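If you're matching positions, the sequence shown starts at 5 in the numbering used here and goes up one per residue.
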Amino acid sequence: MPTAPQTIDELYQALQENDRRPYGRTRTVTAEELVDAAEQFAEPLPLVHALLELQEAYTYGSEPRKSPVVFARLLTLFDEQPDVFDERLRHMLFWRFKWVAHALRQLPEIPLTSLRQWLTEMRDRYEKAGLGLQPYYGQAYQLAAHIGEDTTPAYELWAGRTRTRLSDCEACEICERALYHLTAGDDERALRTWEPVLAGKESCQEEPARSVSYALLPLLRTGRTDRARELHLAGYRACRRNPSMSQEVGRHLEFCALTGNEARGLELLAENRSLFDEVDSPLDLLGFLTGVEVLLQRVESLGHGELPAAGYAGRTWTVAALRAEVRGRADDLAARFDARNGTTAHTDRRRARLDRAPLLDALELTLRTRVLDDVAPAMPATPATAPAARTAAAVPESLPELILRARALDEQGHPDAVACWARLRTLVAAPDYAHPDDPAVGPLVLLRADLLADEAGRVGEKDEFEEAAALYEEAARLYDEAGAPGHAALARACALLPTGEIPAERADGAEAKAAALTAAHAALVRLHEETTGLAPYQEARLLRLRASALGLRLQTSGNEEHIAPVLAEVALLLAFATRHDIAGQVSGALLLRASTYALSGDLPAAATEIDALLDRLKAHGPAWHLPRTLGLRGRIQLGLRDAQAAHADLTESLRLAADWPSDRGDTARLHGDLAQVCMHLGRPDEALRHLTRSAELELRHGSRTDAFCTYSNAAQLSLDLGRVEDSIALLDSLLAEPDVAAGELDDRLVAQLRLTRARALHAGEDLKAATVEFAALAAESAGWDDDPGSHAMIAAETAVLLAESGEFGRAREAADQALAAHARAPRYEQLSNCLRELARLQAQQQGPEGLADALAFLADAGRIADEARAAGYEARGRALDPALAYEHGRVNAYAREYETALAALDEALGLLGEPGSDEDHAGEWAECVRLAGAVEGIYLERPAPALTRLDAAVSRLTALGHTEETEPLTSLAARLRAKG
């Protein structure tokens, strides 16, 4: 707090501001300072308010030791000066007897006799004040349940009594009743009792998050897996990183451990690492640590005890080490509670949780399904492969055979070379590696050159062009040293192609890249002409590089003059490969030719070429070219608007690709292409599955930027499908990635992920969190001088959310930012929509008092409509002028300016014109008629002309076949006739 309040009004204002802060240390420390400030005033009332705020901060900030101390001060003030407490403050005071009872239960150092004495104090105070005792019996039942006594008598005494004004809220009482049945082993009855809370009909500060966390396992045990998945996603988000809900977090970790989602569990543990140190409540900590141990125990049992885990601050932890630490601390806490209570209840409950067997082998919780291998530290190993129908050739055990086999497979371009090179890379890196003395194998420097060339190829496939070129150059140097000039020349040729792509990496534009590729091709031709003694397969590869350079140039430029040179180079490659019977290069040349026709826009010719190539591959091979070729035909079929054929080809391509190592990224592209095709076929859920699979493969391949772009598309599609929690969970997982948190990923891509998340939060009705994220993005995007249009869009959306929260001053400021950015990069439709919505919200919430400000928003929207008209802009959605006139009508109606409203609506109808066959236009017209009829018939009390208007509109729409649009009109007409 910058400065202490000097007046009572300043104190109350500071208390209100602190009340808007989330629970945690910042709010608690400020509340403590405000109590100090309140003590300077002679009046006791400010101190009462400050102490109430402080107790709330301690209670929901998980500091139970301090809450009773503050309440003791409040109780003393009440006893000494009861007149200071009005009815509302008196109600708050008696309500908080329950908070103290709850706090004392959480502290094992408080004797059981003291807990019972406090309940006696509560009962005596309630009786003296003439208050019903149901809240007291509720606390007595909760103490019995905590201790592990027979709860039936206490439950009946509580549950059978009539609720009072001081009873716990309906949601909390439902949870306690459900837990009673759950403890008795009746899952079905517990879930029936919970249903109003789980369905969102009853809620409070802690609910439904608390009930959800308890209901997850009963839902699984009763076969309701989809409901459990849905509630896990929503419930976890409501309690994460919250010290006062650490037990709930622990139960979500346990749920992950028991459903085959151990990797997600470790991810959530990392997100909640602060809870190890922030939770001051021993009981909450015991629940949290037990959930953590269930997860760590499961991970260790699966053989992953050495994985890193997020634990107590000050050191790094493995799963096994953290589990041992957590077990010791949790055992001690359970023993302390049992010693205080004189039972073994807490040790028994803890053991029951730890002894539970997994309930499901695998439940897909999120769109980003991960396994423990995905979170293991990066190790040099063979890349992950899809399950293969084809049995890959065994990697030779003999080192000389392995080297010769790798080179032979590499010469063919065979995918099985991947495993051989990976094995050799591991062997050569070992300190005790001894190179074979075999003339057929050659010297160690030759093998090192081979490994470098292979690594360069893999790096180049990740679009890391500079590194790829450098590795090829180093390989060429080693080949020279080994006396292999043909290999050296080919390595230098391979370095030229990524060198030609570097300008694109540096964002110098398509023209620069095309020029660089032209230069790369010329250098390749010179190198080819200057090099003699090449083996046929080496010369074929060099010809392939020449054709590829020109193919990439065509792809970059789209210039028709670049087509013929590509086809000429392809013809050279095809003739040479045919003459020397190099099957892989023959099919490669034919694939390049088909691709060139596709790039040039001649899709029928491309389809003919690809069909012939597929026939050849099926007859003569190589078989590993089939997946890529079928993938290209699928893309061509989509271009020819035959999405069904495209789907069949791409699906078959994926099936065949499973026979071969999938580290090369082709499989990721196939999934991405299938996602696009599925959208054309109207199968968005299937598209979503392909998008997420594509993204995960891109991540494994090392293409992180591509992966995050694909995941961003998946999150947006999930949001479009109404799968809001799926979208949020996916984005939360991505934004928690180390390179994102460290600011190493492209900042605009991260901003897009955050923007989608903010929209998802808004769609999920978490207005507070959505507004915070939008406001942060608006502040950041204000500095995007190269992209003011995006800032205009973000600031506009931020303004709407602020208005929904009733913060119209801040909304006006955000709207002004959007308008300033719009002046630099017009966003006519988005800004018009935003300003109209702002006007509606202000008039709707403030009525006549908000009319002037609402009309100011509409005036801004009017200027944008004028600008759009002058610029010849046509809106993609509603036309701006009639939409603006309609909003004038609605805003004035909210402000009870009904004549002005009706005139504006008549103007809107004139601008819209008569409806036709278009459903959207008919719907907009019908809504305008409906509102005009309501204003005229109900508020201006002129039902006759209103009915004439409505009946004519119904007849018009019915004649056009728009029966659905007539329903609100006929309903309003019936209402008017009933009144008349």
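In this text, a Cβ means the ideal position worked out from N, Cα and C, and glycines have one as well.
Fair warning: this is a prediction, and the values are worked out from it, not measured in the lab.
Contacting residues, own chain, Cβ-Cβ under 7 Å from residue i (five flanking each side not counted)
i, result
"Ser865", "Here residue 865 is Ala; the residue named in the question, Ser, does not match the sequence. If we look at Ala865 and ignore the five residues flanking it on each side, its Cβ neighbours are Ser836, Leu839, Arg840, Leu888."
"Ala829", "Pro792, Gly793, Ala796"
"Ala421", "Ala410, Leu413, Asp414"
"Arg360", "Leu262"
"Val744", "Leu738, Val754"
"Ala938", "Leu976"
"Ala950", "Gly937, Glu940, Gly941, Leu980"
Contacting residues, own chain, Cβ-Cβ under 8 Å from residue i (five flanking each side not counted)
i, result
"Leu363", "Leu221, Leu224, Arg225, Leu262, Thr263"
"Asp670", "Pro631, Arg632, Gly635, Ala661"
"Val930", "Looking at the sequence shown, residue 930 is not Val but Ala. Excluding residues within five positions, the ones whose Cβ falls inside 8 Å are Pro919, Ala957, Leu961, His966, Glu969, Thr970, Pro972, Leu973."
"Ala609", "Tyr601"
"Gln10", "none"
"Glu304", "Val323, Ala324, Arg327"
Residue environment, residue i, which counts as buried when at least 16 other CB atoms sit within 10 Å
i, result
"His624", "exposed"
"Ala3", "Past the boundaries of the shown model lies residue 3; the chain is included only from 5 to 984, so the question cannot be answered."
"Leu521", "buried"
"Asp653", "buried"
"Thr612", "exposed"
"Leu528", "buried"
"Thr962", "exposed"
"Pro502", "buried"
"Gln17", "exposed"
"Glu297", "buried"
"Tyr437", "exposed"
"Asn896", "buried"
"Ala479", "buried"
"Asn345", "buried"
"Ala158", "buried"
CB contact flag (residue i, residue j, <8 Å)
i, j, result
"Ala314", "Leu273", "yes"
"Leu721", "Arg761", "no"
"Pro139", "Thr168", "yes"
"Ser737", "Ala764", "no"
"Ala370", "Arg268", "For clarity, residue 370 is Thr in the given sequence; the question names Ala instead. Yes, these two residues count as a Cβ contact at 8 Å."
"Ala879", "Glu833", "yes"
"Leu578", "Val590", "yes"
"Val463", "Ala457", "no"
"Leu49", "Phe98", "no"
"His53", "Leu81", "no"
"Leu300", "Leu326", "yes"
"Glu206", "Glu174", "yes"
"Glu573", "Leu554", "yes"
"Thr709", "Asp750", "yes"
"Leu617", "Leu642", "no"
"Ala213", "Ala242", "yes"
"Ala339", "Thr320", "no"
Cβ-based neighbour list, residue i, same chain, cut-off 6 Å, excluding 5 preceding and 5 following
i, result
"Trp162", "Tyr141, Gly142, Tyr145"
"Ala1", "Past the edges of the chain, shown from 5 to 984, lies residue 1, and the structure says nothing about it."
"Asp191", "Pro222, Arg225, Thr226"
"Ala664", "Note that residue 664 is Trp in the sequence shown here, rather than Ala. Only Pro419, Trp628 meet the Cβ criterion."
"Ala773", "Leu765"
Q.
Can you confirm whether the segment 927 to 936 touches the segment 962 to 974 when touching is taken to mean that 3 or more C-beta pairs between the two stretches lie within less than 8 Å?
A. Yes, they touch.
Q: Give, in chain order, every unbroken run of the alpha helix (DSSP H) that is at least 4 residues long and sits entirely within the segment 10 to 84.
A: 12 to 23, 29 to 42, 49 to 64, 71 to 84
Q: Please go through the segment 140 to 180 and give each complete alpha helix (DSSP H) segment of 4 or more residues, from N-terminal end onward.
A: 156 to 163
Q: Run through the segment 600 to 661 for me and flag every whole alpha helix (DSSP H) of 4 or more residues, listed as ranges in chain order.
A: Runs of the alpha helix (DSSP H) inside the segment 600 to 661: 607 to 624, 630 to 643, 647 to 661.
Q. At a cut of 8 Å, does the segment 859 to 877 reach the segment 909 to 924 through at least three beta carbon pairs?
A. no
Q | Cβ contact check for the segment 684 to 694 and the segment 329 to 338: 3 or more pairs under 8 Å | A | When C-beta atoms of the segment 684 to 694 are compared with those of the segment 329 to 338, fewer than three pairs fall below 8 Å, so the two segments do not count as touching.
(Q) For the segment 276 to 296 against the segment 308 to 324, do three or more pairs of beta-carbon atoms, one drawn from each stretch, fall closer than 8 Å, so that the two count as touching? (A) Because the criterion of three Cβ pairs below 8 Å is met, the segment 276 to 296 and the segment 308 to 324 touch.
Q.
Threshold first: 3 residues or longer. Then list the beta strand (DSSP E) segments lying entirely within the segment 856 to 923, N to C.
A. none
Q. Going along the chain, which unbroken runs of the alpha helix (DSSP H) with 4 or more residues stay wholly within the segment 414 to 448?
A. If we require 4 residues or more, the alpha helix (DSSP H) runs fully inside the segment 414 to 448 come out as 421 to 433.
**Q.** Residue ranges of each beta strand (DSSP E) within the segment 472 to 522, 3 or longer
**A.** none
Q) So does the segment 10 to 26 actually touch the segment 52 to 62, counting three or more Cβ pairs closer than 8 Å? A) The segment 10 to 26 vs the segment 52 to 62: in contact.
Q: Could you tell me whether the segment 150 to 166 touches the segment 128 to 135, using the rule of 3 or more Cβ pairs below 8 Å?
A: no
Q: List in chain order: all unbroken alpha helix (DSSP H) runs of 4+ residues lying wholly within the segment 695 to 743.
A: Whole alpha helix (DSSP H) segments, 4+ residues: 708 to 724, 728 to 739.
Q) Three or more beta-carbon pairs under 8 Å between the segment 558 to 567 and the segment 537 to 549, yes or no? A) no
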